[in-house]
Amino acid sequence: MKAFAIKAIGILLMLTALALTLSRAPDRAVETLVARWAPPPSDFIEVKGLVVHVRDEGPRDDPLPVVLIHGTSASLHTWEGWVKVLKTQRRVITLDLPAFGLTGPFAGQYKTDDYRGDTYARFVLDVLDQLQVQRFVVGGNSLGGEVAWRMAFIAHDRVERLILVDSAGLPIERASVPLGWWIARTPGLSWLAEEVLPRALVAQGLAKVVGHPERITAEQVDRYFELTLRQGNRRALGQRLRQMDNGEDAARLKNLTLPTLILWGGQDRLFIPELAKRFQASIAGSQLVMFDDLGHIPHEEDPARTVVPVREFLGLK
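Mind the numbering: the sequence shown is residues 297 to 613 in the numbering used here, read in order.
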């Protein structure tokens, strides 16, 4: 019996090693990803020595451009549905945050190991300085929402309106965290996230953050999978996840007095809908719109429906 158990364990270890070998996914050079994921109107600009992937669309004479910031493990592509509608009347700027998409990890004049919320907020302000944008509307999803409200706090004289989509930044007691994130932030296991990335794990993670998993397309999975493999992104993601402060600066929200629109997916299992009400209570005069059947990325899951209150909020006809 003992010999059988030892043999079984040996076979299990061999199968595990084989699975890891087959799932090994090395980093990809950014040059190999540009053709598919950065067609026009994508552009790359240098900001303090860091090359940043941006899209700047719509009328250049717009005095209040709309800046949209993606969430963790996403990219500027998440806003394509909204941009298609908004750019007919407004200038819309989207970008890949450092550690994500085609921008990659912080470099140049930026500290290479600092992925805190305020650091991201100041980075986006640097990008807007480079684009010579003084005042603007800013919106964001998840991490991007937290970056957006931090920008409104840090540079209150520059932010005219705020849009929060299933935003981070409040203390969270429970959340259904994707397995890949859990591995990336766990000491002793983060190396695994940097070497192994089954495409099926990415698909599983996407299914957790939408209300209708059956609508996920193969191209969506490809995008999240391939951009995660951009050289340096997985290591930087681990650093970001370990630096999350779980709402330590949430008291700042009480100081925000600008017009604010809060959008939330009623099926969000990562940031439960109760958080939407807490954001609304924290920001005086804010509006809340709930989409009962959508998940954590409602703007990507159903852009046509979720952009409607945004158009109204911006006074567009």
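Even for Gly, the Cβ is constructed at its ideal location relative to N, Cα and C.
Requested in this report: Measure from the alpha carbon of S369 to the alpha carbon of each residue in G440, L346 and D410, then state which is nearest.
Outcome: G440
Query - Nearest to G367 (by Cα), restricted to the options W375, R351 and I512 - result: W375
Query - Nearest-angstrom Cα separation, counted from S578 out to E327 - result: 43 Å
**Report entry** Cβ pair T390, V379 closer than 8 Å
**Finding:** Yes, the Cβ-Cβ distance between T390 and V379 is below 8 Å.
Query raised in the report: Which two residues bound the contiguous beta strand (DSSP E) that contains I341?
Result: Annotation for I341: the continuous beta strand (DSSP E) segment containing it runs S338 to V343.
Query - Between the CA atoms of G397 and V429 - distance to the nearest angstrom - result: 23 Å
Query - Closest Cα partner of P355 within the set L346, S371, Q385 and G345 - result: Q385
Query raised in the report: Considering only residues of the segment 410-456, which uninterrupted beta strand (DSSP E) runs meet the minimum length of 3 residues and lie entirely inside it, listed in chain order?
Result: 432-438
Query - Start-to-end residues for the beta strand (DSSP E) that takes in R351 - result: L346 to E353
Query - Assumed close pair T524, L493 - CB separation to whole angstroms, cut-off 8 Å - result: 6 Å
Report task. Answer yes or no: do D414 and H592 have a C-beta to C-beta separation smaller than 8 Å? Result -> no
Query - Rounded separation between A547 and P569 - CA only - result: 19 Å
**Report entry** Contact under 8 Å by Cβ, G404 with G345
**Finding:** A contact, by the Cβ cut-off of 8 Å.
Query raised in the report: Measuring CA to CA, which of W560, I365, D541 and A321 is closest to L466?
Result: D541
Requested in this report: For V614, collect the residues of the same chain with a Cβ closer than 6 Å to its Cβ; drop the 5 residues on either side in sequence, then sort them by chain order.
Outcome: There is simply no residue 614 to check, as the chain begins at 297 and stops at 613 in what is shown.
Requested in this report: Mind checking which residues open and close the alpha helix (DSSP H) that includes T524?
Outcome: If you look at T524, you'll find it in the alpha helix (DSSP H) that goes A514 to T524.
Query raised in the report: When DSSP labels each residue in this structure, what does R332 get in the three-state scheme?
Result: helix
**Report entry** Straight-line Cα distance separating K613 from D453
**Finding:** 27 Å
Query raised in the report: Is DSSP giving S369 helix, strand or coil here?
Result: coil
Query raised in the report: Between which two residues does the beta strand (DSSP E) harbouring V388 extend?
Result: V388 to L391
Query raised in the report: In the DSSP assignment, what are the bridge partners of G561?
Result: F587
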